[in-house]
Amino acid sequence: MAQLDTRAKLEILADAAKYDASCASSGSVKRTSRDGKGIGSTDSGMGICHAYAPDGRCISLLKILLTNSCIFDCHYCINRKSSNVRRARFTTDEVVRLTLSFYRRNYIEGLFLSSGIIGSSNYTMEQIVEVARSLREDHEFRGYIHLKTIPDADPELIHQAGLHADRISINVELPTASGLKRLAPEKSQDRIEDAMAGMSDAILDTADAKKHYRSAPRFAPAGQSTQMIVGADAATDRDIVSRAAGLYGSFNLKRVYYSAFSPIPDASAVLPLQRPPLMREHRLYQSDWLMRFYGFKPGEVADAADDNGMMRLDIDPKLAWALKFRGAFPVDVNTGPREMLLRVPGLGTRAVDKIVAARRGRRLTLADIGRLTVSLAKVRPFLIASDWRPVALADKADLQLPKPAAKQMELFG
Amino acid sequence: MRVIALDAEDDFDGWREGVRAAVQDHVAPERIVWRVGDQPGELFGSEAPATASAANFTVPRAFVDLARKAILHTDRERFALLHTLLVRPGLLDDAADPLVRRVEGLAREVRRDIHKMRAFVRFREVVEPDGARFVAWFEPDFHIVRANAGFFMDRFAAMRWSILTPEVSIHWDGATLAEGPGATKAEAPDGDPVEAMWQSYYAAIFNPARLKVGMMLKEMPRKYWKNMPETALVPQLIAGAQAREAGMVETARTKAGGNIEAAWAALREESMSCTRCPLHEHATQTVFGEGPVDAAMMFVGEQPGDQEDLAGRPFVGPAGQVFDRALTEAGIDRGTIYVTNAVKHFKFEQRGKRRIHAKPDAGEITACRWWIEQERALLRPKRTVALGATAARSLFGKAVTISRERGRALELPGGGEAWITVHPSYLLRLPDPVARTEEYARFVADLKSAAHT
Ligand code: SF4
Chain A
246 MAQLDTRAKL
256 EILADAAKYD
266 ASCASSGSVK
276 RTSRDGKGIG
286 STDSGMGICH
296 AYAPDGRCIS
306 LLKILLTNSC
316 IFDCHYCINR
326 KSSNVRRARF
336 TTDEVVRLTL
346 SFYRRNYIEG
356 LFLSSGIIGS
366 SNYTMEQIVE
376 VARSLREDHE
386 FRGYIHLKTI
396 PDADPELIHQ
406 AGLHADRISI
416 NVELPTASGL
426 KRLAPEKSQD
436 RIEDAMAGMS
446 DAILDTADAK
456 KHYRSAPRFA
466 PAGQSTQMIV
476 GADAATDRDI
486 VSRAAGLYGS
496 FNLKRVYYSA
506 FSPIPDASAV
516 LPLQRPPLMR
526 EHRLYQSDWL
536 MRFYGFKPGE
546 VADAADDNGM
556 MRLDIDPKLA
566 WALKFRGAFP
576 VDVNTGPREM
586 LLRVPGLGTR
596 AVDKIVAARR
606 GRRLTLADIG
616 RLTVSLAKVR
626 PFLIASDWRP
636 VALADKADLQ
646 LPKPAAKQME
656 LFG
Chain B
27 MRVIALDAED
37 DFDGWREGVR
47 AAVQDHVAPE
57 RIVWRVGDQP
67 GELFGSEAPA
77 TASAANFTVP
87 RAFVDLARKA
97 ILHTDRERFA
107 LLHTLLVRPG
117 LLDDAADPLV
127 RRVEGLAREV
137 RRDIHKMRAF
147 VRFREVVEPD
157 GARFVAWFEP
167 DFHIVRANAG
177 FFMDRFAAMR
187 WSILTPEVSI
197 HWDGATLAEG
207 PGATKAEAPD
217 GDPVEAMWQS
227 YYAAIFNPAR
237 LKVGMMLKEM
247 PRKYWKNMPE
257 TALVPQLIAG
267 AQAREAGMVE
277 TARTKAGGNI
287 EAAWAALREE
297 SMSCTRCPLH
307 EHATQTVFGE
317 GPVDAAMMFV
327 GEQPGDQEDL
337 AGRPFVGPAG
347 QVFDRALTEA
357 GIDRGTIYVT
367 NAVKHFKFEQ
377 RGKRRIHAKP
387 DAGEITACRW
397 WIEQERALLR
407 PKRTVALGAT
417 AARSLFGKAV
427 TISRERGRAL
437 ELPGGGEAWI
447 TVHPSYLLRL
457 PDPVARTEEY
467 ARFVADLKSA
477 AHT
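Chains as they are written, first to last, in the numbering used here: chain A, 246 to 658; chain B, 27 to 479.
Printed below as a string of structure tokens:
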């Protein structure tokens, strides 16, 4: 095989990484390179999206695979052993140089590195760790690093990864054990969960040690995340939400990413060929927000689903919940508890905070609320204000339900 | 009128000094003219020196943060607005107040501009006699450049860099920050070999099966595009997306791979634990489809009946026997076809000891469609025959009138052709023997045309 140059490899190994949904570069510790050595910084809050692709997704990190060769044969994966894709493999040094030269030009926040499994799990993991080590130690790189760990790799290697990386992750792949068994015969839910538990313990231990000794080494300060493929097995939205809730609870995850299964070249016959259900993926993320920011219990989110356990595609889950539990509304903006204001469709956390602050001084009118929200029409039926009391929530009568989304406009017709 | 001179559009300290003096001298906001840099002096108004008073008054931290941002806006009223807000009782408590909203609106726009500058500045490497320098050209909307310098110093401390903008340029030499006059795009370097790499990355990381142009435009408006190397590719990426997606699906179709048998077996096994709808609770087992996976014809019934539920196989009860006989008369070998049901669990009402078949509802049909779609994706039958309204609804995803559509080939959304006829159990239920004979003959005729066209 002819040698590929770095650019040709980049094309193959970025293409192979595009199915991974995680892109965040947020939530780590604050670092800078002001001391004059090295390069890079991270903010403790939001990461930065340096560009957006025409698929609407944020480009924040150089997201690539070390290699797309793999000894496994997972059906959903374009890199599986039996696939006919073109293979390539970066040297660790190539990845380091690419990361640095992109970073210096302000294209990226850092590196997201994953890999097909070559040789053995340990060998692959060693290579991944070596990239991170070299960036951190040889080049004093202070940008963001997210490493995907390999199932079955030695815990010591995972530990090394956590010392260099801001975030580490391992994918649970599918929401159901039966789906995983069918689509990823070489992987096992138990082994994946063991690895997650190990990382969770290490993160908690170091956070604890940090309290006692300032010099204690950091371990994945931005925590761990995971990804589930949606639409490749028979799991309902209700199944998926409760699985995610279980994962958040057991393994202290920062994020669960959902990746709508998308047709891949040379797909295995086990897979559906339809376009990925993007709206479904969006509704799952919204359900996730309900749990993470709006105080909904997993069971309550599941209640927003229809009788078959699927989220409605036409309205968001918060509105769906409110319509199902009309009795809980309207909420009085001047007296209602914060937790209930958070349940009002159309009121975000910021608007709720502002309402709570403003009502200390005076009674709020509907016009006041209008200045704090995007769509008064959406919240109005669910609120009482000093000059407003809605008629009873009749079936859709006073709700401005969104019209079915028009087909997406083409930019260059 | 009091005239207060500020050094620059973003001179927060000057504004603070001026406001402090005005408050102490009880000069109302509308009695002040703010002058920036060397704009010509106002006609009315004496440039009264501000009272140099050391007396302090304190303002909440939140206000200072807000003012520091809002002052970077280009709105000419911002100095006065902030002053008005500052002397108002209650200050910031009332987020719904129009003035607070307006000032917060200014700050929000500024914050966005700051964020976009951090995101969309693109450095190009220039080799100078004393080493490399990274130079960027950027056009901010507001007066944010000085306020944003710290971010780039934190990040690129060991690099030498310059950011050129129309209003001001900033230069970092590795130790100190210097300011220079505004620049033009022509003064910035116009290329960097690494850009070709970056473009390759941008094109490869994009998934053509997920085109969402509106979303991209919302976060990366067109006005930024002209200074970003990767955005030049957008039109061709969008134009090529449909072809690439079609190509992806097409390759998938032509190269089914040799694992259909295994895939089907795994799918069947997975279906055994399906809980997508409540029907699994009372039924004995999932009744999955059966037949050769390379069958050219697929038959879709409604749902398993009492006997199918017990046997775990489709079409073995009374309706199945009618179906078998009709198949033989139509010259179709049951061994060569694939038979399945739209709904894979038995739905019934218990009447004494008997379990009476009940019709699946639209929700159950929709829930169970997942399975039949997988079966169809695997087998890709040339012809699919829907037996009855439930089957037709499942295949087309909407209600279909059998009498109107029967007897001719219809195109299926996912490819292949569909034929619609009655369900064999309908024949069993006809009370009039003459009608039954006629309908049976029509059924056989339908099967024949489906098989031989
Ligand atoms: S009827 Fe279909 S969707 Fe419902 S539980 Fe059975 S197999 Fe699952």
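Beta carbons: idealized from backbone N, C-alpha and C, even for Gly. Predicted model, so just to flag it, every value in this text is computed and none were measured.
For residue i, is the beta carbon positioned less than 6 Å from some heavy atom of the ligand SF4?
i: B/L305; result: yes
i: B/A393; result: yes
i: B/T312; result: yes
i: A/K393; result: no
i: A/R427; result: no
i: A/R665; result: With chain A covering 246 to 658 only, the question about residue 665 of chain A has no answer from this structure.
i: B/R302; result: yes
i: B/H371; result: yes
Which residues does DSSP pair with residue i in a beta bridge?
i: B/I446; result: B/A412
i: A/A296; result: A/I304
i: B/I58; result: B/R28
i: A/Q472; result: A/Y502
i: A/I413; result: A/L392, A/Q469
i: B/M323; result: B/R409
Would you mind reading off the limits of the beta strand (DSSP E) that contains residue i?
i: A/Y368; result: Note, A/Y368: premise wrong, no beta strand (DSSP E); alpha helix (DSSP H) at 366 to 378.
i: B/G131; result: From DSSP, B/G131 is part of no beta strand (DSSP E) but of the alpha helix (DSSP H) over 124 to 146.
i: B/F160; result: 157 to 163
i: B/W198; result: 194 to 198
i: B/L203; result: 203 to 207
i: B/R150; result: 150 to 154
In terms of residues, what are the limits of the alpha helix (DSSP H) holding residue i?
i: A/T251; result: 251 to 260
i: A/I323; result: From DSSP, A/I323 is part of no alpha helix (DSSP H); its letter is neither H nor E.
i: A/W534; result: 523 to 538
i: B/N367; result: Where B/N367 is concerned, there is no enclosing alpha helix (DSSP H), although the beta strand (DSSP E) it sits in stretches over 364 to 367.
i: B/H383; result: Unbroken run through B/H383 is the beta strand (DSSP E), 380 to 383; no alpha helix (DSSP H).
i: A/I437; result: 434 to 457
i: A/P543; result: 543 to 548
i: B/G429; result: According to the sequence as given, residue 429 of chain B is Ser; it is not Gly. From DSSP, the alpha helix (DSSP H) with B/S429 extends over 428 to 431.
i: B/L108; result: 104 to 112
i: B/Q347; result: 344 to 355
i: B/F374; result: Element bounds for B/F374: not the alpha helix (DSSP H) but the beta strand (DSSP E), 374 to 377.
Nearest to residue i by alpha carbon, out of the options?
i: A/A298; options: A/D318, A/K455, A/D260, A/S314; result: A/D260
i: B/P261; options: B/M242, B/A272, B/G273; result: B/M242
i: B/E375; options: B/D33, B/L405, B/P386, B/M143; result: B/P386
i: B/K211; options: B/E307, B/T100, B/T191; result: B/T191
i: B/L92; options: B/P330, B/R42, B/H52, B/A184; result: B/R42
i: B/W187; options: B/E431, B/E193, B/I170, B/G157; result: B/G157
i: A/D484; options: A/G424, A/D453, A/K499, A/D439; result: A/G424
i: B/D180; options: A/K263, A/A612, A/G283, A/R571; result: A/G283
i: B/G327; options: B/A467, B/P450, B/N367; result: B/N367
i: A/A567; options: A/V546, A/N579, A/M555, A/V578; result: A/V546
i: A/F490; options: A/N329, A/R276, A/G544, A/C268; result: According to the sequence shown, residue 490 of chain A is Ala rather than Phe. The shortest Cα separation from A/A490 among A/N329, A/R276, A/G544, A/C268 belongs to A/G544.
i: B/F164; options: B/R148, B/E295, B/G442; result: B/R148
i: B/I286; options: B/M223, B/W397, B/A204, B/P318; result: B/P318
i: B/F182; options: A/I353, A/L558, A/A622, A/C294; result: A/I353
i: A/A296; options: B/E130, B/F89, B/H141; result: B/H141
i: B/T84; options: B/Q50, B/L107, B/F105; result: B/Q50
i: B/V59; options: B/L98, B/H109, B/R94, B/K95; result: B/H109
Under 8 Å by Cβ, that's how I've got residue i and residue j pegged, so tell me the actual separation to the nearest angstrom.
i: B/R150; j: B/V161; result: 6 Å
i: A/L419; j: A/L428; result: 6 Å
i: A/A465; j: A/A410; result: 6 Å
i: B/L112; j: B/V62; result: Their Cβ separation, rounded to whole angstroms, is 19 Å, which puts B/L112 and B/V62 out of contact at 8 Å.
i: A/L306; j: A/V340; result: Contact doesn't hold; Cβ gap of about 12 Å is too wide.
i: B/M143; j: B/P115; result: That belief does not hold up - the Cβ atoms of B/M143 and B/P115 are roughly 36 Å apart, past 8 Å.
i: A/L498; j: A/Q531; result: Between A/Q531 and A/L498 the Cβ distance is about 18 Å, and since that is not below 8 Å, they are no contact.
i: A/S504; j: A/A266; result: 4 Å
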